[in-house]
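The sequence shown begins at 0 in numbering that gives the first Met the number 0 and counts up one residue at a time.
Note that beta-carbon positions come from the ideal geometry of N, C-alpha and C, so glycine has one too.
Here is the structure we will look at, set down as structure tokens.
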Amino acid sequence: MQLIQQRTFWEVYHNPTLNILEAYWKDTGNDMEDDEFKDYLLNFVPLIPQYQVNGFITDTREYHYLMSIELQEWHDRVIAPVYIVHKLKNIVFIMNEEFLVTSLSIQQTFAEENSNNLRVLYTEGLEEARSIFMQYRDKEQTKSYRFYEAIV
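What follows is the structure in structure tokens.
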């Protein structure tokens, strides 16, 4: 994997084997402002066509930033259409059950009108998250893992 973006709150890698991006949030998200969060996403979306990926994994186990309703709506208007235009096959979030409130704000974001057109999965580990993309690469049966979708 190649590190392609390193910032205060996250690191983003290109995984050419699976043809995906992997974003790893750091344990500094409590200090993030809404404008900073927007900046992160606005700098992330150009990576999708640049690397011509099929999807991405976001590891939110260290993510402690709570997205406001306004920010969720902004994401649906500005960011989700980019995912749709580039025909991302899967977006997978690795979540920590201990942080239910921040996890819920992520799930609510992808329940918005435009985001609802995307295939978004939630799981608890990196191996499980990568397995989704391995199915497309190997075109063979992979180990079965538990994924869940948000009920909001």
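Count the other CB atoms, across all protein chains shown, that sit within 10 Å of the CB of residue i; report buried if there are 16 or more and exposed otherwise.
{"i": "Ile19", "result": "buried"}
{"i": "Ile68", "result": "exposed"}
{"i": "Arg76", "result": "exposed"}
{"i": "Arg129", "result": "buried"}
Please go through the same chain and pick out, in chain order, the residues whose beta-carbon is closer than 7 Å to the beta-carbon of residue i, but skip the five residues on each side of it.
{"i": "Ile78", "result": "Leu40 and Val44"}
May I have the straight-line CA-CA distance separating residue i from residue j, to the nearest angstrom?
{"i": "Arg6", "j": "Ile56", "result": "17 Å"}
{"i": "Glu123", "j": "Val91", "result": "10 Å"}
{"i": "Gly54", "j": "Lys88", "result": "6 Å"}
{"i": "Asn95", "j": "Glu126", "result": "14 Å"}
{"i": "Asp26", "j": "Tyr82", "result": "26 Å"}
{"i": "Leu46", "j": "Glu21", "result": "11 Å"}
{"i": "Met31", "j": "Asn42", "result": "15 Å"}
{"i": "Asp33", "j": "Pro48", "result": "25 Å"}
{"i": "Lys37", "j": "Val52", "result": "21 Å"}
{"i": "Gln1", "j": "Glu35", "result": "24 Å"}
Inspect the beta-carbon positions of residue i and residue j and report whether they are closer than 7 Å.
{"i": "Tyr50", "j": "His13", "result": "yes"}
{"i": "Trp9", "j": "Glu61", "result": "no"}
{"i": "Ile93", "j": "Asp58", "result": "yes"}
I'd like the list of long-range same chain contacts for residue i, defined as Cβ closer than 6 Å, with 5 residues on each side in sequence excluded.
{"i": "Phe132", "result": "Leu17 and Ile19"}
{"i": "Pro15", "result": "none"}
{"i": "Arg118", "result": "Asn89"}
Within a Cβ cutoff of 8 Å, which residues of the same chain sit near residue i, ignoring the five residues on either side of it in sequence?
{"i": "Glu111", "result": "Residue confidence is low: Glu111 scores 48 on pLDDT, short of 50, so the model does not pin down where it sits. Its coordinate-derived value is still stated next. For Glu111, where only same-chain residues beyond five positions count, the Cβ hits under 8 Å are Gln71, Glu72, His74, Asp75 and Ala79."}
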